[in-house]
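Quick notes on the structure that follows.
Numbering (the numbering used here), first residue to last: 295 to 740.
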């Protein structure tokens, strides 16, 4: 019986059940059809689920630690001779031992009486011996009955004590299982969130330079347009990416190019040392496009050189905080002042090198907005491709034009966008190789 109870305690400690895992589906790419994402949790929902799972885990951990102390105290109390259950067990065991001793003595008395009967001489002596044997046998029967009752009482007392121990351990095992379940749910929620935070490529989110010439003469200024189109099936928040650079120029040195972009009410300079986000578009529906005006001035003393421009679009949606459109590279040449290149075609978009197609990291909230546009409202003006319009910089007026198509995006900054953290040394190794620093957007701010 004691072995059975010991096994019961051990089983109570070891009991486990299957863990209920967090079942949030991983987020899909921004352009996934609506039918595929009807039941897909949003990024905000995944983030909240991860936070809730963390809180639940912490609560379960505290409960498990508290339960561990409780079961330890309970078991220690049950092992004390002063505990009622333990005291009852001690008393019952003692009574059982005394009953066993009484039974042993009664059995000996019967054997002795039987020996006297065997040795009796004469009728009178034999009659007295048989009477004494009957008395001894009656006493033995009473002793056997008393021992059985004492043994049952001792077993009941031990069972009550063992049941109390098992109950204490079972209560703790429930808390431990709850902690295991909470940990599994936390890990699953974190995995689902991590999957959603991974950057996805979206070929439908395009950026195109319109009007960027293949050759530019020193001392002149050219105007061109960066056209961003949301060719996906999902509404996005978009941040166009721009970088214009002369091959061989080192980060921090005065560039032969000065490039500015306009939000329709003013011009903002590109820093020239690293790629940066410009003209934040807070909401861009499927099929919409937005035009950003740019102008580039070549220093009068610039010598012949090769230059290039990189354009792309970074975005986020309700389901993905990091959506990356393909990057386009435009190579163009700088000509000395006074050159007459004749008719000049637009620069053709080419393939980027593997190190070109990266995105700059962004700083966290509370830093200066990108593009020097601190404090500007986040607004955009745009149309679908079927109704092209443009906004004249500095006038705030709109007019239809076939030359630009789309509209100029006004700028501002969301809390997720801040100055780019890439070091100026990134530009040292410019060329077909490492052009840009880390491209990946920080997802925590979305």
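Note that the Cβ used here is the ideal one computed from N, Cα and C, for glycine as well.
Going by DSSP, residue 588 is part of the beta strand (DSSP E) stretching over 583 to 592. Comparing alpha carbon positions, the residue from 415, 395, 431 and 383 closest to residue 450 is 383.
Excluding its 5 nearest sequence neighbours in each direction, residue 504 has C-beta neighbours in its own chain below 7 Å: 518, 519 and 521, listed in chain order. The three-state secondary structure of residue 352, taken from DSSP, is helix. In the three-state reduction of the DSSP assignment, residue 498 falls in the coil class, being assigned neither a helical nor a strand state. In this structure residue 370 is exposed. Its beta-carbon is surrounded by fewer than 16 other beta-carbon atoms within 10 angstroms. In this structure residue 456 is buried. Its beta-carbon is surrounded by 16 or more other beta-carbon atoms within 10 angstroms. A straight line joining the alpha-carbon of residue 350 with that of residue 360 spans about 15 Å. Residue 420 carries a helical assignment under DSSP once its states are collapsed to helix, strand and coil. Contact between residue 628 and residue 592 holds, since their C-beta atoms are separated by about 6 Å, short of 8 Å. The three-state secondary structure of residue 464, taken from DSSP, is helix.
Taking one beta carbon from each stretch, the stretch 524 to 537 and the stretch 610 to 619 have 3 or more pairs nearer than 8 Å; the two touch.
Scanning the stretch 485 to 566 for uninterrupted alpha helix (DSSP H) segments of 4 residues or longer gives nothing; none is fully contained. Taking 7 Å as the cut-off, the Cβ atoms of residue 479 and residue 337 do not count as close. Secondary structure of residue 607 (DSSP, three-state): strand. The residues 516, 626, 638, 640 and 641, in chain order, have a CB closer than 7 Å to that of residue 507 in the same chain once the five nearest residues on each side in sequence are set aside. Under the three-state reduction of DSSP, residue 335 is assigned to coil, being neither helix nor strand.
Secondary structure note for residue 405: its alpha helix (DSSP H) is the uninterrupted segment 378 to 413. C-alpha of residue 559 to C-alpha of residue 573: approximately 12 Å in a straight line.
Annotation: residue 549 to residue 482 spans about 50 Å, alpha carbon to alpha carbon. Inter-residue distance for residue 584 and residue 524 is about 9 Å (C-alpha atoms, whole angstroms).
Looking at the backbone, the Cα of residue 406 and that of residue 392 are separated by about 21 Å.
Proximity to residue 388 across 446, 588 and 603 peaks at 446, based on C-alpha coordinates.
The three-state reading of DSSP puts residue 599 in strand, counting E and B together. The continuous beta strand (DSSP E) containing residue 578 extends over residues 575 to 578. In this structure, the beta-carbon distance from residue 540 to residue 599 falls below 7 Å. The beta carbon of residue 358 sits closer than 6 Å to the beta carbons of 469, 470 and 473 from its chain, once the five residues preceding and following it are set aside; these are given in chain order. In the displayed model, residue 617 falls within a strand according to three-state DSSP.
One alpha carbon belongs to residue 590, the other to residue 486, and they sit about 44 Å apart. Straight-line spacing of the CA atoms in residue 422 and residue 448 works out to 39 Å. DSSP places residue 639 outside both helix and strand once states are collapsed to three, so it counts as coil.
Nearest to residue 386 by C-alpha distance, out of 634, 442 and 499, is 442. DSSP places residue 625 in the strand class (E or B) of the three-state scheme. When DSSP states are grouped into helix, strand and coil, residue 570 belongs to the strand group. Of the candidates 390, 619, 374 and 533, the residue whose Cα lies closest to the Cα of residue 577 is 533. In this structure, residue 375 keeps its C-beta atom at 7 Å or more from the C-beta atom of residue 400.
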